[in-house]
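Here's the structure we're looking at; comments come further down.
Chains as they are written, first to last, in this note's numbering: chain A, 1 to 320; chain B, 321 to 640.
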């Protein structure tokens, strides 16, 4: 599938942001390695998801484009698909769980997509989407298990490696597995001896368990701050991960917040909890990274800061 | 003085971070212009101040280096001088007002500097520093009025223009005036017809008033969230600003917070209030920037996030 990642890159490179790779001497000191952060928080719509969404939508037939697309997503894929659809002049319907972060819902609506609210159980999403597809002929663009979504997601690691060259490890977060699958395909295609590590919240460790058991073991309604990683592997992502990923490790909620605080305070980057999970894996020292060159995919930066800024505004008012 | 900026750049370029220039299509749409943000929040120690500090310290005589340096600063210059001194093996003593943000005090101490706490009145700093200089023979490195600090600060705009080329405007925040002076020297040296605009909090508008009156009118203990801009112009910075800056505009506290929220949420950059002031000036639409190419110096990203992350940690604990 490496050829599909290369083709996706050619297809989307003029439209996606070629996001910066950031480094920090403090991070290198702490980890005793050379770390390269691929900052997809700077991607259009604030996450890597735009890569896959634009790749998938730009390959639809004229007929499909006319009828429109539908998906279910807690947020980042929703925004990404909404913007990609807007840019390509396609109607997008997005089914979002009622606990999706309000900032992500508002942004999705802002890109002109139609929102349909559904329940929080994994099966709720399908139950809402299927009747709409039957009625209106929408094309379903699955947030992670779609092969075009996976190829598009893989272009982040592809760009990273094209820019920094040889790497010993590439770390990616894993939720539905689209990013990890794409990362593994791109990495093994360009650097066959590099190791690919998936990092997952302990509280939503279906990929870890599925990888160990050799069969898909989904997780139901997991409780993790990393809201982008609450979904489970699909048939395509599981197959690719089983074949190409070297290891899956888990991190605690505290480790996720610590990594997030490190990135915000020391590297001055706004990343969402899911976006800090791969760095949390590096900082957890479960892998021997000494003197290694380590690529780290920072998946996104969409976090609700309304409360934070409301507090600052109250403080200015009271000090007048 | 443009030659001094060029010389400073040659002197410090191997040590400072060549910080990225960021753009955002949303920002260009809102302002109807092309904006280029020079992101000094990614500079070593989290602000542009490291440029001037390293430039000044690397020109000290052997005798001066042996005796050590002293300064007064609410935070960013303190951290910058502390790290520059550490890298060059020089003792640094920093006089910090008792209301300096605790995260900046801790960072300064972390770089190995000796901290002396003083009062919050403008004169308190001098009163604390002078006896120590008399006793120990320290060299005073003024945070803004020192010509080597000014030349060093100017290298940020110098790098920006070398990277992006022609600009119609360059916006810089103004507190003590070191950054604005350096920015004006660099900009007029490279692009004589570009306009340089200083942006200042309304609540600390000594530079605005001094510029208008043609004489220094200092401000006493101003109340602004932009803690890096509470200081007043000095003799050198006032002279340079009077000669080379085209306009000084002011922004309200609300405008500063709005600009900060825009940079965090939309551009995924952690900037401190002072660091958002130049963007607040652009967003305030006081200048006609339509179809113009606008450089914006984002001065720093040091903000205390302890409370924000403590709240997140409480939330994860309570949801267990």
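Note that the Cβ used here is the ideal one computed from N, Cα and C, for glycine as well.
Query, Result
"Keeping to the same chain, check which residues put their C-beta closer than 7 Å to that of residue 402 of chain B; ignore five residues upstream and five downstream.", "412, 414, 428, 431, 432, 433"
"Note down the Cα distance separating residue 27 of chain A from residue 35 of chain A, rounded to an integer number of angstroms.", "7 Å"
"Can you tell me which of the three DSSP states residue 489 of chain B falls into?", "strand"
"For residue 168 of chain A, which of A:155, A:222, A:149, A:190 has the nearest alpha-carbon?", "A:190"
"Residues of the segment 581 to 599 of chain B in Cβ contact with chain A at a cutoff of 7 Å, in chain order, please.", "581, 584, 585, 588, 589, 590"
"Going by beta-carbon coordinates alone, are residue 115 of chain A and residue 96 of chain A separated by less than 8 Å?", "yes"
"What are the residues that DSSP puts in a beta bridge with residue 205 of chain A?", "Residue 205 of chain A is not bridged to any residue."
"Check the Cβ-Cβ distances between residue 99 of chain A and every residue of chain B, and say whether any is below 8 Å.", "no"
"Going by the beta-carbon positions, is the gap between residue 396 of chain B and residue 622 of chain B smaller than 8 Å?", "yes"
"How about residue 476 of chain B and residue 383 of chain B: do their beta carbons lie closer than 8 Å?", "no"
"Rounded to whole angstroms, what is the Cα-Cα separation between residue 337 of chain B and residue 426 of chain B?", "22 Å"
"Can you find a CB in chain B that lies within less than 8 Å of the CB of residue 41 of chain A?", "yes"
"Does the segment 616 to 633 of chain B come into contact with the segment 241 to 261 of chain A, if we say contact requires no fewer than three beta-carbon pairs (one atom in each stretch) closer than 8 Å?", "yes"
"Can you list, in chain order, the stretches of the alpha helix (DSSP H) that have 4 or more residues and sit fully within the segment 133 to 188 of chain A?", "147 to 164"
"Taking the alpha-carbon of residue 271 of chain A as reference, which of A:42, A:66, A:32, A:197 has the nearest alpha-carbon?", "A:42"
"What's the gap between the Cα of residue 404 of chain B and the Cα of residue 457 of chain B?", "19 Å"
"Compare the C-alpha of residue 335 of chain B against each of B:400, B:616, B:480 and name the closest.", "B:400"
"Can you list the alpha helix (DSSP H) stretches of 4 or more residues lying completely in the segment 95 to 125 of chain A, in chain order?", "102 to 110"
"Taking only three categories from DSSP, how would you classify residue 567 of chain B?", "strand"
"Closest to residue 601 of chain B by C-alpha separation, out of B:530, B:561, B:520, B:533, would be which residue?", "B:520"
"Strictly under 8 Å for the Cβ-Cβ distance: is residue 313 of chain A near chain B by that measure?", "yes"
"Whole-angstrom Cβ separation of residue 473 of chain B and residue 502 of chain B, contact assumed at under 8 Å?", "3 Å"
"If I'm right that residue 177 of chain A touches residue 234 of chain A with Cβ under 8 Å, what's the distance once you round it to whole angstroms?", "7 Å"
"Taking only beta-carbon positions, decide if residue 500 of chain B is within less than 8 Å of chain A.", "no"
"If the cut is a Cβ gap below 7 Å, which residues of chain A does residue 366 of chain B touch?", "268"
"Please list, in chain order, all residues of the same chain as residue 530 of chain B whose beta carbon is under 7 Å from its beta carbon, the five residues on each side excluded.", "536, 537, 553, 558"
"By the criterion of Cβ-Cβ separation under 9 Å, what are the contact partners of residue 609 of chain B in chain A?", "Those do not exist, as residue 609 of chain B stays about 23 Å from chain A at its closest Cβ, beyond 9 Å."
"Where residue 119 of chain A and residue 98 of chain A are concerned, what is the direct C-alpha to C-alpha distance, given to the nearest angstrom?", "6 Å"
"Does the beta-carbon distance from residue 524 of chain B to residue 507 of chain B come in below 8 Å?", "no"
"Closest by CA to residue 231 of chain A, which one among A:212, A:274, A:265?", "A:274"
"Are the beta-carbon atoms belonging to residue 522 of chain B and residue 572 of chain B less than 8 Å from one another?", "yes"
"Quick check on this structure: which residue in B:490, B:639, B:372, B:628 has the alpha carbon closest to the alpha carbon of residue 608 of chain B?", "B:490"
"Given this structure, state the Cα-to-Cα distance separating residue 55 of chain A from residue 326 of chain B, to the nearest angstrom.", "45 Å"
"Taking Cβ-Cβ distances shorter than 9 Å, what residues in chain B pair up with residue 257 of chain A?", "629, 632, 633, 636"
"Starting from the beta carbon of residue 305 of chain A, find every residue of chain B whose beta carbon is closer than 8 Å, and list them in chain order.", "581, 584, 585"
"Would you call residue 585 of chain B buried or exposed, if buried means 16 or more other Cβ atoms sit within 10 Å of its Cβ?", "buried"
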